[in-house]
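The sequence shown maps to residues 283 to 544 in the working numbering.
Glycine included, every Cβ here is placed at the ideal spot set by N, Cα and C.
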Amino acid sequence: MYEKVKQFKGKALFPVNQFTIIAGPCAVEDEEQLVEMALFLKAFGVTHLRAGAYKPRTSPYTFQGLEEKGLTILQHVRARTGIKIVTEIMDASQIKMYEDNVDIIQVGARNMQNFALLKALGKIKKPILLKRGFGSTIEEWLYACEYLLNEGNDQIILCERGIKTFEPMTRNTLDISSVPIVKSITNIPVFVDPSHSSGRRDLIIPLARAIVAVGADGLMIEVHQQPQYSVSDKDETIDFQEFVSLLEQVQAIATVMGKKIG
Ligand code: PEP
Ligand code: MN
Numbered sequence: 283m284y285e286k287v288k289q290f291k292g293k294a295l296f297p298v299n300q301f302t303i304i305a306g307p308c309a310v311e312d313e314e315q316l317v318e319m320a321l322f323l324k325a326f327g328v329t330h331l332r333a334g335a336y337k338p339r340t341s342p343y344t345f346q347g348l349e350e351k352g353l354t355i356l357q358h359v360r361a362r363t364g365i366k367i368v369t370e371i372m373d374a375s376q377i378k379m380y381e382d383n384v385d386i387i388q389v390g391a392r393n394m395q396n397f398a399l400l401k402a403l404g405k406i407k408k409p410i411l412l413k414r415g416f417g418s419t420i421e422e423w424l425y426a427c428e429y430l431l432n433e434g435n436d437q438i439i440l441c442e443r444g445i446k447t448f449e450p451m452t453r454n455t456l457d458i459s460s461v462p463i464v465k466s467i468t469n470i471p472v473f474v475d476p477s478h479s480s481g482r483r484d485l486i487i488p489l490a491r492a493i494v495a496v497g498a499d500g501l502m503i504e505v506h507q508q509p510q511y512s513v514s515d516k517d518e519t520i521d522f523q524e525f526v527s528l529l530e531q532v533q534a535i536a537t538v539m540g541k542k543i544g
């Protein structure tokens with residue numbers, strides 16, 4: 283059993299009663315764009331920026347991320363704006379580089395069961411955001427989390443991001459029930475990513491409302507100044523105006539839930 287998950291007593295990564303938002307483009311594209319984004323987010327009280335430097339793409343022929351250069355850009359954006367950086371790791375050989383430059387290390391859906399990577403990340407003292415594999419059950423996700431806890435890392439965030447079903451209207455199916463299920467088992471914070479689960483820009487705001495209402499601790503979301511020019515995942519990415527509207531609506535529901543946006 284995943285006993286350490288069940289008995290989790292890690293220190294709180296975020297203030298109690300905070301609904302945390304992690305926002306940013308799918309991929310790192312340009313330093314000035316990210317600085318503008320970071321300042322925009324900070325003006326709305328959002329303290330975490332996401333952007334992938336290394337992108338795990340289904341096709342080897344699509345944009346793979348700016349890689350090391352992308353990580354350097356993130357490092358500059360962090361230094362210039364003070365925003366916290368969340369970005370995905372692909373391989374254990376990158377850990378040192380990530381430890382120095384990143385605030386929360388993301389393990390993507392495709393690596394959820396990369397046990398060698400999980401064991402290595404379990405040995406460091408950095409928050410890990412562990413996404414659910416799109417072909418994984420809730421229990422398999424919790425076992426993956428147990429790998430991190432077993433090695434001693436108790437700074438963990440779980441992130442639901444949808445699962446593969448037979449439904450073609452969305453990219454994946456957002457398994458919203460995983461949030462209260464996981465929360466009934468463990469005190470580990472649970473976030474939800476409506477962007478990768480739906481793959482549809484028009485669904486992001488309604489799903490975000492559901493995510494805060496279902497009791498999640500936070501939201502990870504793709505935002506871009508000009509979504510149509512986003513180098514990856516443009517169909518699910520919202521613009522600044524939509525982001526402001528999302529924040530207003532999420533804030534209203536968060537207030538009912540006794541939470542504040544952070
Ligand atoms: C991402 O958040 O950039 C991403 C690739 O998501 P996932 O691993 O959930 O597909
Ligand atoms: Mn993406």
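Proximity below 8 Å, CB of residue i to CB of residue j
i: glycine 481; j: aspartate 517; result: yes
i: isoleucine 377; j: isoleucine 410; result: no
i: valine 526; j: valine 494; result: no
i: phenylalanine 301; j: alanine 536; result: yes
i: phenylalanine 317; j: valine 368; result: Residue 317 is actually valine in this sequence, not phenylalanine. No, they are not a contact pair.
i: alanine 320; j: threonine 363; result: yes
i: isoleucine 355; j: glutamate 421; result: no
i: aspartate 385; j: phenylalanine 290; result: no
i: glutamine 346; j: asparagine 383; result: no
i: asparagine 299; j: lysine 465; result: no
Own chain partners of residue i with C-beta closer than 8 Å, once the 5 adjacent residues on each side are dropped
i: glutamate 349; result: Ala335 and Tyr336
i: phenylalanine 473; result: Thr302, Ile304, Leu411, Ile439, Leu440, Cys441, Glu442, Ala498, Asp499, Gly500, Leu501 and Met502
Alpha carbon of residue i to alpha carbon of residue j, nearest angstrom
i: lysine 401; j: leucine 489; result: 33 Å
i: proline 297; j: isoleucine 463; result: 22 Å
i: glycine 306; j: glutamate 524; result: 13 Å
i: tryptophan 423; j: proline 450; result: 24 Å
i: valine 461; j: glycine 352; result: 32 Å
i: glutamate 433; j: tyrosine 425; result: 13 Å
i: glycine 404; j: valine 328; result: 27 Å
i: asparagine 393; j: cysteine 427; result: 12 Å
i: alanine 398; j: serine 375; result: 11 Å
i: arginine 453; j: phenylalanine 416; result: 11 Å
i: histidine 330; j: aspartate 484; result: 23 Å
i: leucine 295; j: leucine 431; result: 15 Å
i: threonine 553; j: lysine 324; result: There is simply no residue 553 to check, as the chain begins at 283 and stops at 544 in what is shown.
i: alanine 341; j: cysteine 308; result: Looking at the sequence shown, residue 341 is not alanine but serine. Each residue's alpha carbon lies about 16 Å from the other.
i: serine 418; j: isoleucine 365; result: 32 Å
i: aspartate 515; j: phenylalanine 522; result: 16 Å
Beta-carbon contacts of residue i that lie in its chain and below 6 Å, excluding the five residues immediately before and after
i: threonine 519; result: Glu504, His506, Pro509 and Ser512
i: glycine 390; result: Pro338, Glu370 and Lys413
i: glutamate 311; result: Val513
i: methionine 545; result: The displayed coordinates of the chain run from 283 to 544. Any statement about residue 545 would go beyond what the structure contains.
i: isoleucine 486; result: Pro476 and Ile520
Residues bridged to residue i [DSSP beta-bridge criterion]
i: glutamine 300; result: Lys542
i: histidine 330; result: Ile304 and Lys366
i: leucine 501; result: Ile303 and Val474
i: valine 389; result: Ile371 and Leu412
i: leucine 440; result: Leu412 and Val472
i: alanine 309; result: Gly334
i: threonine 455; result: Ile445
i: isoleucine 520; result: Val505
Own chain partners of residue i with C-beta closer than 7 Å, once the 5 adjacent residues on each side are dropped
i: alanine 492; result: Ile458
i: threonine 468; result: Val287, Lys288 and Phe290
Touching by the beta-carbon criterion (3+ pairs, under 8 Å), the segment 433-450 and the segment 465-482: yes
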